Structures are given as structure tokens and as C-alpha cells.
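Q: Protein chains in written order, with the working numbering: chain A, 3 to 530; chain B, 42 to 114. Just so it is clear, CB atoms sit at the ideal spot from N, CA and C, and this is done for glycine as well. Here the structure is a predicted model, which means the values were calculated and not measured.
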Amino acid sequence: MNFCSMDFILFAIILAVLYYVVRPSGRWVVLLAGSLVFFAFGGWKYLLYAVAMSAVFFCAANMIDKINDRQSQLDRKQDKEEWAQLAGKSKRILVITIVLVVGNLVLNKYFNLLGELINNISAYLGGSGDIVLWDIALPLGLSYYTFSGLGYILDVYWKRYRSQRNYAKFLLYIVYFPHIIQGPIERYGLLGNQFFDEAKIRFDGERIRNALVWMGYGYFKKLFVADRISIFVNGVMAEPKGTAGSIQLFAILLSAAWIYADFSGYMDIAKGVSMIFGIEINQNFNHPFLSKSIPEWWRRWHMSLSSWWKDYIYMPMATSLRFISTCAKVKKKFGKNVGKFFKDAVPLLLIWTTTGLWHGTGATYLAWGLYFSLIFICSVTFAPAMTKLLQKLHINADSKCFHLFQIIRTYLLFCVGRLLTVPGSLRYTGSIVKNMFTNFNVNAIFSGSVYEKYGICIQELGFMFVGIAVIIIADCIEEYKKKTISQWVFDRNWFVRSVIYAVVIVAIVVFGIYGVDFSMEGFAYQDF
Amino acid sequence: MKEELLKLLEEEYPEVDFQAENLVDDGILDSLTLVGMIGTISMEYGIQIPYEEIVSENFNSLDAIAALVERLR
Chain A
3 MNFCSMDFIL FAIILAVLYY VVRPSGRWVV LLAGSLVFFA FGGWKYLLYA VAMSAVFFCA
63 ANMIDKINDR QSQLDRKQDK EEWAQLAGKS KRILVITIVL VVGNLVLNKY FNLLGELINN
123 ISAYLGGSGD IVLWDIALPL GLSYYTFSGL GYILDVYWKR YRSQRNYAKF LLYIVYFPHI
183 IQGPIERYGL LGNQFFDEAK IRFDGERIRN ALVWMGYGYF KKLFVADRIS IFVNGVMAEP
243 KGTAGSIQLF AILLSAAWIY ADFSGYMDIA KGVSMIFGIE INQNFNHPFL SKSIPEWWRR
303 WHMSLSSWWK DYIYMPMATS LRFISTCAKV KKKFGKNVGK FFKDAVPLLL IWTTTGLWHG
363 TGATYLAWGL YFSLIFICSV TFAPAMTKLL QKLHINADSK CFHLFQIIRT YLLFCVGRLL
423 TVPGSLRYTG SIVKNMFTNF NVNAIFSGSV YEKYGICIQE LGFMFVGIAV IIIADCIEEY
483 KKKTISQWVF DRNWFVRSVI YAVVIVAIVV FGIYGVDFSM EGFAYQDF
Chain B
42 MKEELLKLLE EEYPEVDFQA ENLVDDGILD SLTLVGMIGT ISMEYGIQIP YEEIVSENFN
102 SLDAIAALVE RLR
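(1) I want to verify the contact list: residues of chain A whose CB lies under 9 angstroms from the CB of Glu93(B), in sequence order.
(2) Can you look up Arg204(A) in the DSSP assignment and give me helix, strand or coil?
(3) Relative to the C-alpha of Leu46(B), which candidate in Ile82(B), Tyr92(B) and Asp67(B) has its C-alpha closest?
(4) In whole angstroms, what is the alpha-carbon distance linking Leu415(A) and Tyr147(A)?
(5) For Asp346(A), decide whether its Cβ has a neighbour in chain B, counting only Cβ atoms nearer than 7 angstroms.
(6) Report yes or no: do the segment 374 to 394 of chain A and the segment 217 to 230 of chain A share at least 3 C-beta pairs separated by less than 8 angstroms?
(7) Note down, one range per segment and in chain order, each beta strand (DSSP E) of at least 3 residues found wholly within the segment 64 to 131 of chain A.
(8) By the criterion of Cβ-Cβ separation under 7 angstroms, what are the contact partners of Gln89(B) in chain A?
(9) CA-CA distance, Gly457(A) and Gly419(A)?
(10) What do you reckon, are the CB atoms on Leu33(A) and Phe41(A) nearer than 7 angstroms?
(11) Would you please verify whether the beta carbon of Ser97(B) is less than 7 angstroms from any beta carbon of chain A?
(12) Can you confirm whether Lys312(A), when its beta carbon is compared against all beta carbons of chain B, has any partner nearer than 7 angstroms?
(13) Looking at C-alpha atoms only, which residue of Ile100(A), Asn122(A), Leu140(A) and Gly128(A) is the closest neighbour of Lys533(A)?
(14) Ordered along the chain, which non-local residues of its own chain (more than five positions away) have a Cβ less than 8 angstroms from that of Arg78(A)?
(15) From the DSSP output, in three-state form, read off Trp30(A) for me.
(16) What three-state label does DSSP hand Asn99(B) in the structure shown?
(17) Within 7 angstroms (strictly less), CB to CB, does Val76(B) reach chain A?
(18) Starting from the beta carbon of Thr389(A), find every residue of chain B whose beta carbon is closer than 7 angstroms, and list them in chain order.
(19) Does the structure place the segment 166 to 186 of chain A close enough to the segment 281 to 297 of chain A that three or more beta carbon pairs sit under 8 angstroms?
(20) Should Asp519(A) be labelled buried (16 or more other beta-carbon atoms within 10 Å of its own) or exposed?
(21) Please classify Glu98(B) as buried or exposed, where buried requires at least 16 neighbouring CB atoms within 10 angstroms.
(22) Along the segment 35 to 51 of chain A, where does the CB come closer than 8 angstroms to a CB of chain B? Name the residues.
(23) Which same chain residues, not among the five before or five after Lys82(A), have their C-beta less than 7 angstroms away from its C-beta?
(24) Closest by CA to Leu422(A), which one among Gly194(A), Ile510(A), Phe439(A) and His361(A)?
(25) Under a CB-based cut-off of 7 angstroms, is Asn101(B) close to chain A?
(26) Between Ser293(A) and Ile409(A), which are expected to be in contact by the criterion C-beta below 8 angstroms, what is the C-beta distance as a whole number of angstroms?
(27) Since I believe Ile90(B) is in contact with Leu113(B) (beta carbons under 8 angstroms), could you give me their beta-carbon distance rounded to a whole number of angstroms?
(28) For Gly274(A), which residues from the same chain have a beta carbon less than 7 angstroms from its beta carbon, with the 5 sequence-adjacent residues on both sides left out?
(29) Run the CB neighbour count on Ile397(A), radius 10 Å, all protein chains shown included, and call it buried at 16 or more, exposed below.
(30) Name the two residues that bound the continuous alpha helix (DSSP H) containing Gln393(A).
(31) Hey, is the segment 426 to 446 of chain A in contact with the segment 182 to 197 of chain A, meaning 3+ C-beta pairs nearer than 8 angstroms?
(32) Kindly indicate which three-state DSSP category Glu241(A) falls into: helix, strand or coil?
(33) Taking a cut of 8 angstroms between CB atoms, which residues from the segment 326 to 359 of chain A lie near chain B?
(34) Of the residues that make up the segment 420 to 441 of chain A, which ones have a beta carbon closer than 9 angstroms to any beta carbon in chain B?
(35) Going by beta-carbon coordinates alone, are Leu64(B) and Leu70(B) separated by less than 7 angstroms?
(36) State yes or no: is the beta carbon of Val382(A) nearer than 7 angstroms to at least one beta carbon in chain B?
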């Protein structure tokens, strides 16, 4: 069920009415039933898949928690042997669960790619290449609930909190519908108990008004801005030959705005819907276009994924005894500088390569991962030298001008990453780069007929820029005035507020992009 | 101990002011620096910092880091 469909709006209204009709102690059951129905709209088998996966997480976490309980009753020094035995048992359960669920994710995401690769190699060597590829779509929300469940098990293993002993309550954490299509990846510690906090889930008209503002802003970003840009960007990318380099460059620069409007628009809708039920979900974007460096960008962009990757993969790996011992050996053999470089670079390289492969299969995403790992490694390695260089050149790193320079530089670096993935193949990326140097034709940007060729007229282009300007202004208000956009709206007098509501509704209903026969464009991150 | 630790960290991360308070909470130490720092300290003092100990309270100030190292030595 697409968040931009009438089915979804109707579903949310019915669910909200049922939710508040039921007494507070039973509201979580309504949410669970609603989330299961939401899943069932995607297909019964996906619903069963999620229920089964939740059972795996639930059982594993409870087994680990019970072992933790027994361990806590022992004295680590006096009962050394029994303590170590329990620790080993708990670790075995953890490892088996991780292998099972990660294996399941990898199989679902990469089976066809690997099968195709093996078939091609086999055919090349004269074999029959008879691996039958799966004709199924990735189960709805698989990546997101796999990550949420893994984080939960690891947190229980690290004794950060106790496991949930009620399966239905745990299932709600996994299948809660606002976060299942494309995140945010929720931590059990932040989400799990909110469903049962009667003070939070009581009916509050002010909160619901706030929620509707977030949803409205999200629909504006998606239907007025993102889907309009996507027509142009897809139109340009569909024409590999005969397009001016300047237009291709413009499309790549706009594609960054497109992915932001699309993804953050979804998050605003999800946040608003969840707020109706009194449940706060994780913040996934914190104005990334105002970042001053790429590492800062990734702390502000798809924050729930970045922080998940950091807390559950990057930090445990980079601080593990095995890795640090290897670093010590490298340092001893090759000297201090090589040791430091190894210690900083290897985890970043591994993390970004796997992040790239999570985003997509194939060489484009591998190159994308390597590109960002290279930027991270450079930023860590050259940070001391950069500090000295700025001092030598008497550049005030805290000045507004320098900040503006950093923001533009970061945006352009992100766009290089888009250049690697948006065209769809590295060969096409190469041809665009070549075209930018051999057939730039700057005049094409100022020709109205060129835009019509790629699906948008000048008026549409104007709307696109107005939409982007609104998002930039809203981000600046939130960043520099420290006010959420809904607070800012509520601070206006009733007349201005009414005008804002009217303009947003007209922008969405009259000027929104609804696709051919009103078939909504899917969200960019929903297939992960 | 504290001076020795400060010298080690300043040499490796001259851009960070380790004398400040709330190193982690105020974002002075980002995760990249924190991870690198943990590697440096572990190698220098031959200790293992368990993942459960990697929490902001143990890295928020030079005093806290020194106390952690003393405890794990």
C-alpha cells in the first residue's frame, strides 16, 4: 500500500478511529492488527515471512536473556568456569541467529545476481548454466526488519536491556506499519515501550494537528517536488545519445534534490502518521544539505541506517581484540604511520563496500561504496594536515564564507556519488563524464524546448525550483532557528497559517504529480 | 598517567581539544576519531576495551578515559 494512495489515507483514518475508540490498554492490539493488515495488502506470503522472522528474533533474544539472567547470579571470578560456559552458549545462539537471518537477507537480495553470474560463467565455459532464478520480489520491508531485529538481539546480548517476553508485543515492534516500507530502522529501546505508555498514546488534538502538518509537508515534498524532478532526471537518463553535457550535469545535480525530497518526504509522512497514534519514530534526516563535510553528511542522511551500521558493525569490528591485534602487528612491521592508516582505513573500506552492496548489486554500487570509503579515509588521514594548512593560509574555518564553501563542496561530492549510480551503469557514467567535456553546450540549459523533450515544460521547471526553494528555506529555519517546521507554522497568525495550508493543499492536489492513470510513483528506498 | 595519555592522543589527533569536557556528548569526538582513539589506546597500553565499555561516560573527558585505562590495565 503506497503512502501516497487513497487506500492508505482511508486505511490510516479507519485505524485512527478504531485506535481511539478502544481503551488505552488495548490500543497496541489495534495497531498490531492494523500493521498486519497493512502487510497483508502487500501479499500474504510477505506477512507470514515477517511473522516467522520475528519468531526467530524473539526466541533467540529470550534464550540469550535467560542466559544473561543466570550469569548475573554468578560471581565472574569465583564461578569462572560456569560463567565462561554460559558466555559461550550465549555467543553460539547469537552467531547462529546472525548467520540465519543475514544468510536469508543475502539469499533474497543476491541469489538472482549470483545465479546469473554463475550461469554466465558456465555458459562461457561451454556448460549449460542451469541455475533457475527466483521469480519473486524482495519480501516487503525485509532489510528494515532484519536490521531492527538484529540490533535488538545484539542489544540484549550486550545487556543493554531485557528481552520482550510477549511475542505479540514484540511482533508489533517489528511490523509497525509506518516504518516498515523504507525505515527508519528503529531501536527496540526507543520504540518498543512507547506502544504501552498510556500517557503518550492518549488522544491529543494538538498532537494530531502537528501530525497532519508533517504529513502535508511530506506529501508536498514527494508529490510536488520529488516526482516532478524524477520526470526530468529519468527523461535525461533515458536518452544516452544526443543530450548536451550541461543538461546531463544539471540532471545529476537535481537528482540529489530528488532523492532527498523523495526519501525525506516519505519520512515526514511516516512521522506524521505515527504521531497520530502517539508514537515517535526515529529522526532519519537532519538537513544533510547543510553539512560541511561528507562524514557529517552521513551523520545527517538516512541517520537510522548510518547509526545502525556504526553501532552494530563498524564500532564492534574496529574495536575488536582481533582487529586491534592485527593493527598492532602491522604497526610493528611497517611503522607507526602505516599502522595508523591501516587502523583507520580497513574498517571504513569494509563498511562502505558493504553499505554500497546493500544499496544495490552490481559494479555501480560497489564503485559508490569505494568512492565514499575513499572520501572518509582521506578526511581521517588528512584532517591534521588540513588544520595546519588552514592556519598557514590564515583562513578562518569558523567564518560564514568558509562554511558556505564547505556546504557547496559537500553537495558536489555527494553529487559525484549520484553520478556513479543514477545512470545505471559505469559505462554510461563514463560516457556522461566524457560528454561533459566534449559536448557541454551551456546554451541548452536556457532552451525551453530542451526541457519539453525530457518531459517537463518551463512552467513545471518553475514549480520544481519553487518546491526546492521551499525545502531549502524550511531546512534553514529548522537548522538555524532551532524550530521544527510545524512549530514555525503554528507560530504564524491564523491568516498566514490558513494561507500556508491552502497553498500546500492546492500544490499537492492540483499541482502534484500523479503519474499515468493516477498510478503513484513508488518511493525510492522501498525496494531495499 | 593523564599527561602521558594526553601526549599520546594529541600527537595522533592534533585537531581535537582533549582538555574539553563532554567530548562525546558535544560531538567533539566523532565516531571515526573515537574508534581510532580506542585502537591507539588499546595498542599502546596492551588492553582490550570491551564493547560494553564503549559508552559516552567513559570517553567524555580525559579524566574518564584515564580512569577507564587504569581500570582495564
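A: So, from the listed chains and residues:
(1) In the second sequence, residue 93(B) corresponds to position 52, counting from 1. At a C-beta separation below 9 angstroms, Glu93(B) has these neighbours in chain A: Trp160, Lys161 and Arg162.
(2) For the purposes of this step, residue 204(A) is taken as the residue at position 202 of the first sequence. Three-state DSSP puts Arg204(A) in coil, outside helix and strand.
(3) Here residue 46(B) refers to the residue found at position 5 of the second sequence. When each option's Cα is compared against that of Leu46(B), the closest is Ile82(B).
(4) Locating residue 415(A) in the first sequence gives position 413, where the first residue counts as 1. Locating residue 147(A) in the first sequence gives position 145, where the first residue counts as 1. Going from the Cα of Leu415(A) to the Cα of Tyr147(A) covers about 31 angstroms.
(5) Working through the first sequence from its first residue, we reach residue 346(A) at position 344. Closer than 7 angstroms: yes.
(6) Three or more Cβ pairs closer than 8 angstroms define a contact, and the segment 374 to 394 of chain A falls short of that threshold against the segment 217 to 230 of chain A.
(7) Segments of the beta strand (DSSP E) lying fully in the segment 64 to 131 of chain A: there are none.
(8) By one-based count along the second sequence, residue 89(B) stands at place 48. At a beta-carbon threshold of 7 angstroms, the residues of chain A lying near Gln89(B) are Leu323, ordered along the chain.
(9) Residue mapping note: residue 457(A) aligns to position 455 of the first sequence, counting from 1. Residue mapping note: residue 419(A) aligns to position 417 of the first sequence, counting from 1. Each residue's alpha carbon lies about 25 angstroms from the other.
(10) On the first sequence, residue 33(A) is found 31 positions in, with the first residue counted as 1. On the first sequence, residue 41(A) is found 39 positions in, with the first residue counted as 1. Contact flag unset, no.
(11) The count along the second sequence starts at 1 and reaches residue 97(B) at position 56. Not an interface residue.
(12) Reading the first sequence from its first residue, position 310 is the one you call residue 312(A). Nearest CB-CB separation between Lys312(A) and chain B: below the 7 angstroms threshold.
(13) What the structure shows of chain A is the stretch from 3 to 530, and residue 533(A) is not part of that stretch, so it cannot be assessed.
(14) Within the first sequence, numbered from 1, the residue matching residue 78(A) stands at position 76. Contacts found: Trp85.
(15) Stepping through the first sequence from its first residue, residue 30(A) is reached at position 28. Shown here, Trp30(A) sits in a helix according to DSSP, grouped into three states.
(16) Sequence index remark: in the second sequence, residue 99(B) carries index 58 (1-based). Helix, per DSSP.
(17) Stepping through the second sequence from its first residue, residue 76(B) is reached at position 35. Yes - at least one Cβ of chain A is within 7 angstroms of the one on Val76(B).
(18) Sequence index remark: in the first sequence, residue 389(A) carries index 387 (1-based). Listed along chain B are Pro55 and Glu56, each with a C-beta nearer than 7 angstroms to that of Thr389(A).
(19) They touch, by the three-pair rule.
(20) To locate residue 519(A), count along the first sequence from 1; it is residue 517. Reliability fails at Asp519(A), whose pLDDT of 45 lies under 50, so the model's placement of it is uncertain and the value that follows must be treated cautiously. By the neighbour-count criterion, in which a residue is buried when 16 or more other Cβ atoms sit within 10 angstroms of its Cβ, Asp519(A) is exposed.
(21) Here residue 98(B) is taken as the residue at index 57 of the second sequence, counted from 1. Here Glu98(B) is exposed, its C-beta having fewer than 16 other C-beta atoms within 10 Å.
(22) Hits within the stretch: zero.
(23) Position 80 of the first sequence, counted from the first residue, corresponds to residue 82(A). Contacts found: none.
(24) On the first sequence, position 420 is the one that residue 422(A) refers to. If we check each option's Cα against that of Leu422(A), His361(A) comes out closest.
(25) Position 60 of the second sequence holds residue 101(B). Using a Cβ-Cβ cut-off of 7 angstroms, Asn101(B) does not count as an interface residue toward chain A, since no Cβ of chain A sits closer than that to its own.
(26) As a first step, residue 293(A) is located in the first sequence; it is residue number 291 there, counting from the start. As a first step, residue 409(A) is located in the first sequence; it is residue number 407 there, counting from the start. Between Ser293(A) and Ile409(A) the beta-carbon gap is near 7 angstroms, inside 8 angstroms, which marks them as a contact.
(27) Along the second sequence, read from residue 1 onward, the residue named residue 113(B) stands at position 72. Along the second sequence, read from residue 1 onward, the residue named residue 90(B) stands at position 49. So it is a contact: roughly 6 angstroms between Cβ atoms.
(28) Translated into the one-based positions of the first sequence, residue 274(A) becomes position 272. Once the five neighbours on either side are set aside, the close Cβ partners of Gly274(A) are Ala213, Leu214, Trp216, Met217 and Gly220.
(29) Against the first sequence, residue 397(A) aligns to sequence position 395. Exposed: under 16 other Cβ atoms inside 10 Å.
(30) Counting from one through the first sequence, the residue named residue 393(A) turns up at place 391. Gln393(A) -> alpha helix (DSSP H) spans Ala385 to Lys394.
(31) Segments in contact, no.
(32) The residue you call residue 241(A) lines up with position 239 of the first sequence. Correct three-state label for Glu241(A): coil.
(33) Taking 8 angstroms as the cut-off between beta carbons, the residues of the segment 326 to 359 of chain A near chain B are Ile326, Cys329, Ala330, Lys333, Gly341, Lys342, Lys345, Asp346, Pro349 and Leu350, in sequence order.
(34) For the segment 420 to 441 of chain A, there are no residues whose beta carbon sits under 9 angstroms from a beta carbon of chain B.
(35) For this step, residue 64(B) is matched to residue 23 along the second sequence. For this step, residue 70(B) is matched to residue 29 along the second sequence. Closer than 7 angstroms, so yes.
(36) Counting from 1 along the first sequence, the entry for residue 382(A) is found at position 380. Judged by the 7 angstroms Cβ criterion, Val382(A) is in contact with chain B.
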